[in-house]
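S.K.:
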Amino acid sequence: MTRRDGGLNPAVFPALAALILHPVEGAILFDTGYDPAFFEATRTFPEILYRWMTPVDLGPGEAVADQLPDFGIRPEEVRAVIVSHFHGDHIAGLKRFPNARIFCARAGLAQVRKPGRFARVRQGVLADLAPADIDARAAFFEDHPRLPLGPDLSPFEDGADLLGDGSLMAVQLPGHCPGHWGLVVRQEDGRTRFLIADAAWSSGAVRDNAPPPRLTTALLGETGPWRDTLTALHRLWNRNPELLLTPSHCGEVEVEAPRGRG
Ligand SMILES: [Zn+2]
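Quick note on numbering: the sequence shown equals residues 16 to 277 in the numbering used here.
1) Within the chosen definition, does the segment 123 to 138 reach the segment 77 to 96 through at least 3 CB pairs nearer than 8 Å?
2) Kindly list the residues whose CB is nearer than 8 Å to the CB of Pro262, restricted to its own chain and excluding five residues on each side of it in sequence; keep chain order.
3) To the nearest whole angstrom, what separates the beta carbons of Val98 and Asp46, a pair I think is in contact under 8 Å?
4) Near Glu157, what residues of its chain come up, given a Cβ to Cβ distance below 6 Å and the 5 sequence neighbours on each side ignored?
5) Just how far apart, CA to CA, sit Pro130 and Asp243?
6) Mind checking which residues open and close the beta strand (DSSP E) that includes Ile97?
7) Are three or more beta carbon pairs between the segment 33 to 50 and the segment 193 to 210 nearer than 8 Å?
8) Is Gly277 helix, strand or coil by DSSP?
9) Please classify Gln202: is it buried, with 16 or more other beta-carbons within 10 angstroms of its beta-carbon, or exposed?
10) Ligand 1 heavy atoms versus the CB of Asp50: any closer than 6 Å?
11) Give the straight-line distance between the Cα atoms of Arg274 and Val140, rounded to the nearest whole angstrom.
12) What's the C-alpha gap between Leu83 and Pro228?
13) Just checking Asp213 against ligand 1 - is the residue's beta carbon closer than 6 Å to any of the ligand's heavy atoms?
14) What's the C-alpha gap between Gly277 and Phe60?
15) Suppose you measure from the CA of Gly74 to the CA of Pro51; what does that come to, to the nearest Å?
16) Ends of the alpha helix (DSSP H) at Trp241?
17) Threshold first: 4 residues or longer. Then list the alpha helix (DSSP H) segments lying entirely within the segment 23 to 110, N to C.
18) Residues in its own chain within less than 8 Å of Val136 by CB, not counting five upstream and five downstream?
19) Using the Cα positions of Ala151 and Asn24, report the straight-line distance between them to the nearest angstrom.
20) Of the residues Glu172, Pro193 and Leu178, which one's Cα is nearest the Cα of Val186?
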């Protein structure tokens, strides 16, 4: 159900998060991936449906908070978590980073507050995964200054400058679900990486401009904006081969990413 031209065989998806080491701000995460908290949050009905739809395999030490010590970082030292959207596979570890500011979309956080457990689960949202003090720690993308991204990211025009130095720009990627954003990272090596979260579920889908079937896109988000966003990414990828485009669930990305002990 992840590619319009795909078959009906089960597929394996990595659930990735990114560790960003900012020269001034220190350790910052883009999403958290899965965490043992996911199993706690999906123990009972209706939340258990989430686990049945997308069975999760998380080995000992594989949660991001458990991998960070391998990089010399304690979870309490993480200064910020940038949340692409509030689906369980992106925020399951959020409670493990108690001192982090939480950058997110106001529209994304609103999903956690929507009434109806069943309706929330159907849309991939597990409210228990949000820390109790999230309102006090939230810094909304929508409230940050919008700056032009530059011609290398066309057709995407502007982004929210999260740290005030242009190094991390949150970019709205509509369609996957309400409040779904990606992150443009200007790396120290001069390259630019665009973390596109779930705007595409694989690098191949961007290369081929192959969206999921309408059944999937309409269930989670909005088909029209989803396809427009994917088409924009496809054009960007064609125009700028130097750009590193990183989907959250791409097996090709997982091969390149450095890993902790997990
Ligand atoms: Zn996801």
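Even glycine gets a Cβ: it sits at the ideal position worked out from N, Cα and C. Nothing here was measured: the structure is a model prediction, and the numbers come from that model.
M.R.: Working from what's here:
1) The answer is no - the segment 77 to 96 does not touch the segment 123 to 138, with fewer than three Cβ pairs under 8 Å.
2) Taken in chain order, the residues that qualify are Ile211, Ala212, Asp213, Ala214, Ala215, Trp216, Ser217, Ser218, Ala220, Val221 and Val268.
3) Yes, they are in contact, since the Cβ atoms of Val98 and Asp46 sit about 6 Å apart, within 8 Å.
4) Excluding residues up to 5 positions away in sequence, Arg121 lie with their Cβ nearer than 6 Å to the Cβ of Glu157 in the same chain.
5) Distance from the CA of Pro130 to the CA of Asp243, rounded to the nearest whole angstrom, comes to 29 Å.
6) Start and end: Ala95 to Ile97.
7) The segment 33 to 50 makes contact with the segment 193 to 210, as at least three CB pairs between them are under 8 Å.
8) Caution applies to Gly277, whose pLDDT of 38 falls short of 50 and renders its modelled position unreliable; the value that the coordinates give is listed next. Note: Gly277 maps to coil in three-state DSSP.
9) Answer is exposed; the Cβ neighbour count stays below 16.
10) Checking every heavy atom of ligand 1 against the Cβ of Asp50, none is found closer than 6 Å.
11) Per-residue confidence for Arg274 stands at a pLDDT of 49, beneath the threshold of 50, marking its modelled position as unreliable; the derived number appears in the next sentence. The alpha-carbon separation between Arg274 and Val140 amounts to approximately 27 Å.
12) So the two alpha carbons sit approximately 36 Å from each other.
13) Within the cutoff, so yes.
14) Low confidence applies to Gly277: its pLDDT is 38, below 50, so where it sits in the model is not reliable, and the reading given next is rough at best. Taking the Cα positions, Gly277 is about 30 Å away from Phe60.
15) Using only the alpha carbons, I get a separation of about 9 Å.
16) It spans Thr238 to Arg254 - the alpha helix (DSSP H) in which Trp241 sits, taken as one unbroken run.
17) Taking only runs of at least 4 residues, the alpha helix (DSSP H) segments lying wholly in the segment 23 to 110 are 51 to 56, 63 to 68, 79 to 82 and 103 to 106.
18) Closer than 8 Å at Cβ, skipping near neighbours: Pro61, Glu62, Leu64 and Tyr65.
19) Our two residues, Ala151 and Asn24, have alpha carbons roughly 43 Å apart in a direct line.
20) Just measuring C-alpha positions, the residue of Glu172, Pro193 and Leu178 sitting nearest Val186 is Glu172.
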